[in-house]
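**Student:** These protein sequences, in sequence, are chains A and B. Note that full-length UniProt numbering gives residue 105 to position 105 of the first sequence, counting from 1, and the numbers run on in steps of one. Note that full-length UniProt numbering gives residue 229 to position 229 of the second sequence, counting from 1, and the numbers run on in steps of one. Don't be surprised by glycine CBs; every beta carbon is placed ideally from N, CA and C. Quantities reported herein were computed from a predicted structural model and do not represent experimental measurements. Have a look at this one before I ask anything.
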Amino acid sequence: MDVDYDTLQALRKTHPAWKLLVADHSPLIAAFLQHTFIVPNQRRLSRADLASALEDLLFTLRETQGKDAFPRSAQAYLDDWAGEDKGWLRKFYPQGSDEVHYDLMPAAEKALSWLESLIQRPFVGTESRLMTIFDLLRQMVEGTEKDVQVRIQELEKRKAAVENELALVRSGRVDILDDTAVRDRFLQVSQTARELLGDFREVEYNFRRLDRKIREQITLWEGSKAQLLADFFGERDMIAESDQGKSFTAFWDLLMSPARQEELTGMLEKVFDLAAVKALSPDRRLKRVHYDWLSAGEHTQRTVAKLSGQLRRYLDDQAFLENKRIMQVIQQIEARAVKLRDQMPQGSIMEMDEASPDIHLPMERPLYKIPVKPRITDTVTLGDGSDIPADMLHDIVFVDRLTLKQRIRTALQTRDQVTLAQILFDHPLEKGLAELVTYLTLAAEDDNAWFDDTLTHRAVWTDAGGIRRQATFNAVIFSR
Amino acid sequence: MDITQPYPSDISRPLVALMKGVVFRDNDPALWHLLEESQMAVRDYVRVMGLDLMLDTAEGYAWLATREPEQGEDPLPRLVGRRQLSYPVSLIIALLRKKMAEQDAAGEDPRLILSVEEITDMVRVFLPASGNEAKMMDRINTHLNKIADLGFIRRLKGEKDKIEVIRILKAFVDAQWLSELEDRLKEYQAHLEDGNDSGSADVSHTDPSGGSDMDGNIDSTPTGDRGGG
Numbered sequence: 001m002d003v004d005y006d007t008l009q010a011l012r013k014t015h016p017a018w019k020l021l022v023a024d025h026s027p028l029i030a031a032f033l034q035h036t037f038i039v040p041n042q043r044r045l046s047r048a049d050l051a052s053a054l055e056d057l058l059f060t061l062r063e064t065q066g067k068d069a070f071p072r073s074a075q076a077y078l079d080d081w082a083g084e085d086k087g088w089l090r091k092f093y094p095q096g097s098d099e100v101h102y103d104l105m106p107a108a109e110k111a112l113s114w115l116e117s118l119i120q121r122p123f124v125g126t127e128s129r130l131m132t133i134f135d136l137l138r139q140m141v142e143g144t145e146k147d148v149q150v151r152i153q154e155l156e157k158r159k160a161a162v163e164n165e166l167a168l169v170r171s172g173r174v175d176i177l178d179d180t181a182v183r184d185r186f187l188q189v190s191q192t193a194r195e196l197l198g199d200f201r202e203v204e205y206n207f208r209r210l211d212r213k214i215r216e217q218i219t220l221w222e223g224s225k226a227q228l229l230a231d232f233f234g235e236r237d238m239i240a241e242s243d244q245g246k247s248f249t250a251f252w253d254l255l256m257s258p259a260r261q262e263e264l265t266g267m268l269e270k271v272f273d274l275a276a277v278k279a280l281s282p283d284r285r286l287k288r289v290h291y292d293w294l295s296a297g298e299h300t301q302r303t304v305a306k307l308s309g310q311l312r313r314y315l316d317d318q319a320f321l322e323n324k325r326i327m328q329v330i331q332q333i334e335a336r337a338v339k340l341r342d343q344m345p346q347g348s349i350m351e352m353d354e355a356s357p358d359i360h361l362p363m364e365r366p367l368y369k370i371p372v373k374p375r376i377t378d379t380v381t382l383g384d385g386s387d388i389p390a391d392m393l394h395d396i397v398f399v400d401r402l403t404l405k406q407r408i409r410t411a412l413q414t415r416d417q418v419t420l421a422q423i424l425f426d427h428p429l430e431k432g433l434a435e436l437v438t439y440l441t442l443a444a445e446d447d448n449a450w451f452d453d454t455l456t457h458r459a460v461w462t463d464a465g466g467i468r469r470q471a472t473f474n475a476v477i478f479s480r
Numbered sequence: 001m002d003i004t005q006p007y008p009s010d011i012s013r014p015l016v017a018l019m020k021g022v023v024f025r026d027n028d029p030a031l032w033h034l035l036e037e038s039q040m041a042v043r044d045y046v047r048v049m050g051l052d053l054m055l056d057t058a059e060g061y062a063w064l065a066t067r068e069p070e071q072g073e074d075p076l077p078r079l080v081g082r083r084q085l086s087y088p089v090s091l092i093i094a095l096l097r098k099k100m101a102e103q104d105a106a107g108e109d110p111r112l113i114l115s116v117e118e119i120t121d122m123v124r125v126f127l128p129a130s131g132n133e134a135k136m137m138d139r140i141n142t143h144l145n146k147i148a149d150l151g152f153i154r155r156l157k158g159e160k161d162k163i164e165v166i167r168i169l170k171a172f173v174d175a176q177w178l179s180e181l182e183d184r185l186k187e188y189q190a191h192l193e194d195g196n197d198s199g200s201a202d203v204s205h206t207d208p209s210g211g212s213d214m215d216g217n218i219d220s221t222p223t224g225d226r227g228g229g
């Protein structure tokens, strides 16, 4: 596509990355997404976690920007950002979880990395880039050379160059990269390393798109299945065989080799110890960037495996034909159902096998048991051997509800309303807490009494041990 | 001591699990592994009881179904019950199956999650027009509960309005089941038209031949009653 007016106009309207850049709250969105997904290299976050992180950010922003700066709730913003018309977040239910999770969409990541490039660039290393281009060109030229003679010539040339260098070193002349050259290369490495991390999202997205495209073609396919397969990449795995798939597999094999891992670790250690690099005060996380690659790559790897498996299953003869047949039959059913809507069949119309045998386990149900009445045969005696007087049991707490009721009624004879506090003032608690609870129970049962939870009252009494106690309760008003 | 056991003992756990319901790989990977390892023995064992082990390694679920009698074999009494389904429940099941086929064609996530509202919108066209939205939602929720009983859908924890359609629906609602539903509807429709031609108002009761035809279809399975009871 040309970068002309119409294309750009369309992109501005439809591309999520551009939409993010021109969004009203783009600094908020970009800052938030950067710190939740990119910085910690996070691939999935639950709705609750993401919303609470956003709520925190909104809270601090509102303190400096004014209360009305961001009027909506975190959840509402997330819904908006994951919506069809925005497309900055991918919303999905991971296997085994009932909570919505989010991942960043590659387009949003693109906008973020562009924004990032506006900020941090101590200097632009051009030398290392030129070297990289030379190197890539050489790989292509040599790698595609089929003529053995030419290839041998090339290798001889390189051998001569290496021997030349060896001779120089042996004679004590060692070329050392100067600080600028080191910094140039380091910045290049750091940028590429981070870009690679960002690429994984896009790689995964490409796989999903590829999967969707293949399925779409399968669904619309009219010919035979053999022909369908011939039209694609043959019998092999369609996703793994795509350019994207092959490049990713090669990357993964390279990264997974233990020797490479060790080499990477060792080299990163050494590079971080160089004075020129230290002077740049580099991000320490770069030192373990290969672990981040591993985890991001693994994520992509799993996605590819899952997609391939699903696609193979979908292409499976039976499922392929069955799905077509199913869509046809359901269309017929729908057509009939519309006609039947005012005269729907009554009773059962279809039947369905259960998914397991009909087993009842009578022994798993509790059987009837005769209730056991405890008969206490032990006798308890006081220290002197005499029987315990039964009165003692009743003595502990006995509140006479009738007396309390009588008090309330008497109080109401002279006025329309009386509070419990007033009653307690006239009749101080004698039985302590039990008596107070009884009053409250009476109030709860009384339709003409109500609790006022805006007001609290306090009751004070002295217990049997001579200790003063007090209780606070919501005001109770009895009325006639 | 060498006591020859007719069956390996490690089939017990998967067998018991199968007798109680569907075994899903995702719910218990260890049990699933055991089942896959011992599937031949399990298959032989349940065969004796007139059952067939259905195991889908790709989708990751397994269950026991009534074995089809072989040629010249008398069918055994069924161990697996059958459920009678009303028209709306059958229709919703068919529509959910369609959603699943569409989702597979689109290459989205394998998990199909719908809200009750989406399902209501999907079913609305096929139900008699009703001014009472709340009542319609209620009724659809009742139907959905029946479908949940069958094990085809479940409500998400924490989000009661969201429903996951469980992929085992694919195994039970196949093209054959759907064409049967289509046939029944076709019969019913023809029967309605017959009734209308003869000027009869209450078709299902005044037209004995048509009525018995439909009932006959439903009751023709010997265990039609067993399942209900």
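Using alpha carbons as the reference points, say which of HIS290(A), ALA279(A), PHE272(A) lies closest to ARG260(A).
**Tutor:** The shortest C-alpha separation from ARG260(A) is found at HIS290(A).
**Student:** Is it true that the CB of LEU104(A) sits closer than 7 Å to the CB of LEU33(A)?
**Tutor:** A Cβ-Cβ contact shorter than 7 Å links LEU33(A) with LEU104(A).
**Student:** Which partner residues does THR456(A) have in the DSSP bridge list?
**Tutor:** ASN474(A)
**Student:** If you reduce the DSSP assignment to three classes, tell me which class GLN34(A) lands in.
**Tutor:** helix
**Student:** Please list, in chain order, the chain A residues whose beta carbon lies closer than 7 Å to that of PHE24(B).
**Tutor:** Correct list: empty, because the minimum Cβ distance to chain A is about 11 Å.
**Student:** Taking only beta-carbon atoms, is SER179(B) less than 7 Å away from chain A?
**Tutor:** yes
**Student:** Check whether the Cβ atoms of TRP81(A) and PRO16(A) lie closer than 7 Å to each other.
**Tutor:** Taking 7 Å as the cut-off, the Cβ atoms of TRP81(A) and PRO16(A) do not count as close.
**Student:** For a quick check, are the C-beta atoms of MET136(B) and SER130(B) less than 7 Å apart?
**Tutor:** Cβ atoms of MET136(B) and SER130(B): closer than 7 Å.
**Student:** Show which residues of chain A have a CB atom less than 7 Å away from the CB atom of VAL125(B).
**Tutor:** VAL338
**Student:** Please classify ALA30(A) as buried or exposed, where buried requires at least 16 neighbouring CB atoms within 10 angstroms.
**Tutor:** The residue is buried, with at least 16 neighbouring Cβ atoms inside 10 Å.
**Student:** Since ALA443(A) and PHE451(A) are thought to touch, with beta carbons under 8 Å apart, how far apart are those beta carbons, to the nearest angstrom?
**Tutor:** 7 Å
**Student:** Shortest alpha-carbon distance to ILE467(A) belongs to which of ALA53(A), LEU433(A), THR403(A), ASN41(A)?
**Tutor:** It is LEU433(A) whose Cα lies nearest to the Cα of ILE467(A).
**Student:** Given that GLN189(B) touches chain A, what residues does it touch there, using C-beta distances under 8 Å?
**Tutor:** ARG336, LYS339, LEU340
**Student:** Since I believe ARG184(B) is in contact with MET256(A) (beta carbons under 8 Å), could you give me their beta-carbon distance rounded to a whole number of angstroms?
**Tutor:** Incorrect: roughly 56 Å between the Cβ atoms, too far for contact.
**Student:** Against chain A, which members of the stretch 79-95 of chain B pass a CB distance test of less than 9 Å?
**Tutor:** LEU79, VAL80, GLY81, ARG82, ARG83, GLN84, LEU85, SER86, TYR87, PRO88, VAL89, SER90, LEU91, ILE93, ALA94, LEU95
**Student:** Is MET352(A) buried or exposed, if buried means 16 or more other CB atoms sit within 10 Å of its CB?
**Tutor:** buried
**Student:** Should the stretch 143-163 of chain B be regarded as contacting the stretch 104-118 of chain B, the criterion being three or more beta carbon pairs within less than 8 Å?
**Tutor:** yes
**Student:** Out of GLY245(A), ILE408(A), THR414(A), ARG469(A), state which residue places its alpha-carbon closest to the alpha-carbon of ASP446(A).
**Tutor:** ILE408(A)
**Student:** Can you check whether the CB of ARG97(B) is closer than 7 Å to the CB of VAL173(B)?
**Tutor:** Yes, these two residues count as a Cβ contact at 7 Å.
**Student:** Apart from the five residues on each side of it in sequence, which residues of its chain come closer than 8 Å, Cβ to Cβ, to VAL22(B)?
**Tutor:** Cβ within range, chain order: TYR61, ALA62, TRP63, GLY151, ILE168.
**Student:** Quick check on DSSP: helix, strand or coil for PHE248(A)?
**Tutor:** helix
**Student:** Using DSSP bridges, identify the partner residues of HIS101(A).
**Tutor:** SER46(A), PHE92(A)
**Student:** For a contact meaning CB atoms closer than 7 Å, what does ARG325(A) contact in chain B?
**Tutor:** ALA175
**Student:** So which residues of chain A does ILE113(B) contact, with C-beta pairs closer than 7 Å?
**Tutor:** TYR93
**Student:** Is the beta carbon of LEU20(A) sitting closer than 7 Å to the one on ALA74(A)?
**Tutor:** Contact: no.
**Student:** Relative to the C-alpha of LEU321(A), which residue among LEU15(B), ASP28(B), GLY81(B), ALA101(B) is closest?
**Tutor:** ALA101(B)
**Student:** LYS20(B) versus chain A: which residues are under 8 Å apart at the beta carbon?
**Tutor:** Per Cβ cutoff of 8 Å: SER356, ILE359.
**Student:** Using only CA atoms, which one of LEU429(A), ARG480(A), VAL399(A) lies nearest to ALA411(A)?
**Tutor:** ARG480(A)
**Student:** Listing by chain order, which chain A residues have their CB less than 9 Å from the CB of PRO110(B)?
**Tutor:** GLN95, LYS306, GLN310
**Student:** For the stretch 459-476 of chain A, which residues have a beta carbon sitting closer than 9 Å to at least one beta carbon of chain D?
**Tutor:** Reference to chain D is not applicable here, since the protein chains of this structure are A and B.
**Student:** Using a Cβ cut-off of 7 Å, pull out every chain B residue sitting near GLU322(A), in sequence order please.
**Tutor:** ASP174, ALA175
**Student:** Given a threshold of 16 other Cβ atoms within 10 Å of its Cβ, counted over all protein chains shown, does GLN71(B) qualify as buried or as exposed?
**Tutor:** exposed
**Student:** Is it true that the CB of ALA69(A) sits closer than 7 Å to the CB of ARG62(A)?
**Tutor:** yes
**Student:** So GLU445(A) is in the alpha helix (DSSP H); what residue range does that whole segment cover?
**Tutor:** For GLU445(A), the uninterrupted alpha helix (DSSP H) segment begins and ends at 433-445.
**Student:** Please state the DSSP three-state secondary structure of LYS162(B).
**Tutor:** strand
**Student:** Check distances from the C-beta atoms of the stretch 55-82 of chain B to those of chain A and list, in chain order, the residues that come in under 7 Å.
**Tutor:** Closer than 7 Å at the C-beta level to chain A, one finds these residues of the stretch 55-82 of chain B: ALA58, TRP63, LEU64, ALA65, THR66, LEU79, VAL80, GLY81, ARG82.
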